[in-house]
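Have a look at the structure below before the remarks.
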Amino acid sequence: MSMIVARMQKMKAENLIGIGNHNQRKTKNHSNPDIDTSLSELNYDLVNRTDNYKKDIEKFINENKSTTRAVRKDAVLINEWIITSDRKFFENLSDEDTKEFFISA
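Okay, here's the thing in structure tokens:
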């Protein structure tokens, strides 16, 4: 039986550059030893961002906020979700079915 994994982490402005660099694999050293950088070229974004998460998120907030008040410097700007399953779940899925899983998740 497969297991689903779902994790949410609150992110403030000070975290956005670092998490963007981590997600885009811009650094050589990774805190997770299981990362296989040879597979990084297969990664894809579901939201079509640029390489600068902080700029993208601040732009989205400024274009969509309903008040003229400034956003607090210590405000949580996003909740980052990681949703996946174990390796066995994906073994028999096509690339298209795998992408559909992540789009619908």
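Quick note: to get the working numbering, add 1003 to the position in the sequence shown (first position is 1). C-beta atoms are modelled at their ideal positions from N, C-alpha and C, and glycine is treated no differently.
In this structure Y1047 is exposed. Its beta-carbon is surrounded by fewer than 16 other beta-carbon atoms within 10 angstroms. Distance from the CA atom of E1099 to the CA atom of G1023, rounded to whole angstroms, is 25 angstroms.
By the Cβ test, the stretch 1075-1082 is not in contact with the stretch 1025-1037, since fewer than three Cβ pairs between them sit closer than 8 angstroms.
With a 10 Å radius around the Cβ and a threshold of 16 neighbouring Cβ atoms, L1045 comes out exposed.
In this structure, DSSP gives S1005 a state outside helix and strand, which the three-state scheme calls coil. Residue state for K1029 is assigned as coil, using DSSP reduced to three classes. With respect to L1049, F1105 sits close: the two C-beta atoms are nearer than 8 angstroms. If you look at E1099, you'll find it in the alpha helix (DSSP H) that goes D1098 to S1107.
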